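Participant:
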Amino acid sequence: MAENLTYKELKARVSVIDVATFLGYQLDKSKGLSQPSYVLTSNGQEIDRIYIKNPRDPSIQGYWRRGTTKGGDVINFVKENLSSFNVQGRNDIDNTNIVLHNFANAVYTPPETSKYFSKYFQPKSFDINRFLRVENTYFRDRIFESRGIDRDSSRTFGDHIHLIQDKEASAAYTNIAFPYTIPGQKECVGYEIRGVGGFKSKAPGTNSTDGMWIADFTHAPQEVRNIYIAESAFDAISYYQINRSKIDLSSSVFVSFGGSFSDKQFKGLTDYYSTAHVNLLFDNDLYGKMYDIRAFMLLQNKSLETRINKEDETVHFKIEDKSFSIPIEEVSIRSFLHSSGMRTNNDELSINKAKGAAKDWNDVLQLEADTESKYSVRR
0 MAENLTYKEL KARVSVIDVA TFLGYQLDKS KGLSQPSYVL TSNGQEIDRI
50 YIKNPRDPSI QGYWRRGTTK GGDVINFVKE NLSSFNVQGR NDIDNTNIVL
100 HNFANAVYTP PETSKYFSKY FQPKSFDINR FLRVENTYFR DRIFESRGID
150 RDSSRTFGDH IHLIQDKEAS AAYTNIAFPY TIPGQKECVG YEIRGVGGFK
200 SKAPGTNSTD GMWIADFTHA PQEVRNIYIA ESAFDAISYY QINRSKIDLS
250 SSVFVSFGGS FSDKQFKGLT DYYSTAHVNL LFDNDLYGKM YDIRAFMLLQ
300 NKSLETRINK EDETVHFKIE DKSFSIPIEE VSIRSFLHSS GMRTNNDELS
350 INKAKGAAKD WNDVLQLEAD TESKYSVRR
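Note that numbering that gives the first Met the number 0 gives residue 283 to position 284 of the sequence shown, counting from 1, and the numbers run on in steps of one.
1) Considering only C-alpha positions, which residue in the set N75, L298 and N344 is nearest to V13?
2) Between which two residues does the beta strand (DSSP E) carrying S322 extend?
3) Between the beta-carbon of F156 and the beta-carbon of I236, is there less than 8 Å?
4) Enumerate in chain order the residues of its own chain whose CB-to-CB distance from K358 is below 7 Å, with the five nearest sequence positions on each side excluded.
5) Looking at I181 and I160, is the spacing between their C-beta atoms short of 8 Å?
6) How many Å lie between I16 and V223 at the Cα?
7) For a test of the three-state rule: what should DSSP assign to E191, helix, strand or coil?
8) For F176, which three-state DSSP category applies?
9) Taking the straight line between their C-alpha atoms, what separation do you get for I332 and I325?
10) For I59, count the other beta carbons within 10 Å of its own beta carbon; 16 or more makes it buried, fewer makes it exposed. Which is it?
11) Taking only three categories from DSSP, how would you classify M341?
12) Just verifying my parser: in three-state terms, what is the DSSP assignment at Q365?
13) Per DSSP, what kind of secondary structure is Q25 in: helix, strand or coil?
14) Are S250 and T217 closer than 8 Å when you measure CB to CB?
15) What three-state label does DSSP hand G210 in the structure shown?
16) Report the option in V18, N90 and G23 whose CA atom is closest to the CA atom of Q264.
17) With DSSP as the reference, identify every bridge partner of D165, one or two as the case may be.
18) Name, in chain order, the residues that DSSP records as bridge partners for H315.
19) To which residues of the same chain is F138 closer than 7 Å at the C-beta, ignoring the five residues directly before and after it?
20) Exposed or buried, M0, counting other C-beta atoms within 10 Å across all chains shown (16 or more means buried)?
21) Among the residues of its own chain, which have a CB less than 6 Å from the CB of Y290, if the five just before and after it don't count?
22) For D56, count neighbouring C-beta atoms within 10 Å of its own C-beta (all shown protein chains included) and say buried if the count is 16 or more, exposed if not.
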């Protein structure tokens, strides 16, 4: 068995530019080429911008952002964007290794103890006292309106939304925070944070292994008839707004994993709400479709191994002793079921995808509402 690549070997093979380009960042030539700038946009708005140090030498390449200390090397960049990759390791160390080995066209075999890159993953506990709660429903509503979400929807979910300021940040920006809890528990274990101009992050120390954003409108788990699970809270609320005439809120729970999810997260949720119908609202892209397949397999209590092969543009699947491949452009729960010979129980699981050009349910809402030019939100 080939040994895993070392930190030094991975940095020599994988650049920040490789990962950023894969995630959709594009070169902004107007900023020059000595430290080239790559920008990520959504619906015509700039979400993120990074500047590349040592662009010609991956082994010492890094990135930085203006006005913030957030930056580092390719390890930091992958760790920062882990939720954008469909990986299923034991922890963030394994997941980062899997992503980097995939980019290096190598296979990562988790060791008995995850020693690689441990200095990047020093355990940090979530400290809710780091954040100042702000009472400003007007600001909250305007942020939501900039995403096409109306005041009725934002106020419907108001008890499950915080407005916060980070006391340790260089500037006192106010952001929306979706509090993370563990199913069946009340303690806040983290925040999914969203702000002006597409800003998004998670609070340091957020428990993304067990916790998630949960908007439960019932009084007891046995009352829950439907769980709606999305990659972001914005998507979950958008789906509610589009379909609220069909949704019985008093028997519903809305959930966001903030991107990818761990097996423990998903099983913890579905075990707690064991009698509920699962409605998946994941993005209409490759990773969203892979999340559909993972969720289905978890509901079947079956193990699944996957690998995306960029060279032949296929996804390889392994279920117990059966292996098969599906072209990336054809990956879906339907093609997976056809190739695997498995069947889904419609009474147990529903998959709801954004239609047309929309990538996710908030895109659907914004395209319908056309609100981007109508609202301007300032910090």
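A virtual CB, placed ideally from N, CA and C, is assigned to each residue, including glycine. Since the structure is predicted, the reported quantities are computational estimates derived from the model, not experimental observations.
Facilitator: Short version:
1) Checked all of N75, L298 and N344; the closest Cα to V13 is N75.
2) Element bounds for S322: K321 to P326.
3) Yes.
4) Excluding positions up to five away in sequence, the list reads D282, N283 and D284.
5) At a Cβ-Cβ threshold of 8 Å, I160 and I181 do not count as neighbours.
6) Near 45 Å, if we compare the C-alpha coordinates of V223 and I16.
7) Strand at E191.
8) Per the sequence shown, residue 176 should be read as Ala rather than Phe. In the structure shown, A176 sits in a strand (DSSP, three-state: E or B).
9) So the alpha carbons of these two residues sit roughly 11 Å apart.
10) Answer is exposed; the Cβ neighbour count stays below 16.
11) Looking at M341 - three-state DSSP - the assignment turns out to be coil, as it is neither helix nor strand.
12) Helix, per DSSP.
13) Q25: strand per DSSP, three-state reduction.
14) In this structure, T217 lies closer than 8 Å to S250 by Cβ.
15) In the structure shown, G210 falls within a coil segment according to DSSP collapsed to helix, strand and coil.
16) Among V18, N90 and G23, the Cα nearest to that of Q264 belongs to N90.
17) DSSP lists F130 as partners of D165.
18) Among the bridge pairs identified by DSSP, H315 is matched with R306 and S324.
19) The answer, listed in chain order, is L162 and T173.
20) Low confidence applies here, because M0 scores a pLDDT of 44, under 50, leaving its location unreliable and the question unanswered by this model.
21) Closer than 6 Å at Cβ, skipping near neighbours: F281.
22) It is exposed - the Cβ of D56 has fewer than 16 other Cβ atoms within 10 Å.
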